[in-house]
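To start, the structure under review is shown below, and the notes come after it.
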Amino acid sequence: MAVNTSTIIIFISGVNVVATSKVSNLDALIAMIVLVFFTLLTLFVPILIYVVFPEKSATLLEKLRGWLVRHNRVMVSGILALFCVYLLTVGILKVIK
């Protein structure tokens, strides 16, 4: 996560949304746990594959890497588009109120 700029930006924005929301401390804690989990999911998946399938992990991870490389642009575009729609919606709702 430390070298992936888009992940850091999305994570910091998510932390800001949780920190400035008017929810209970328990709800904020749950939101932060979910945010951290999904942020670190790209780290958890390869480790889980290695633990569950130690003999086949190299082949599986290489196939996963190939798929990610081939579909990287589409995935990043989709994630950023969703993020933009969310930010626009929040901004427009704040202006309206």
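Mind the numbering: the sequence shown is residues 3 to 99 in my numbering, read in order. Glycine included, each C-beta is placed from N, C-alpha and C at the ideal position. This one's a predicted model, so the numbers in the text were calculated from it and none came from an experiment.
Which listed residue (Ser59, Val19, Lys58 and Gly93) has its alpha carbon closest to that of methionine 34: Val19
8 Å Cβ cutoff met for leucine 37 and phenylalanine 13: yes
Cβ distance (whole Å) where valine 78 is taken to contact serine 8 below 8 Å: 7 Å
Endpoints, alpha helix (DSSP H) assigned at lysine 58: It is not in any alpha helix (DSSP H) - lysine 58 carries neither H nor E in the DSSP assignment.
Cα-Cα separation between threonine 61 and isoleucine 94, rounded to whole angstroms: 47 Å
Three-state secondary structure (DSSP) of lysine 24: coil
Valine 76 versus valine 17 - alpha carbon distance: 25 Å
Neighbour flag for glycine 16 against chain D, beta carbons, 8 Å: This model lacks chain D altogether, as it is built from one protein chain only.
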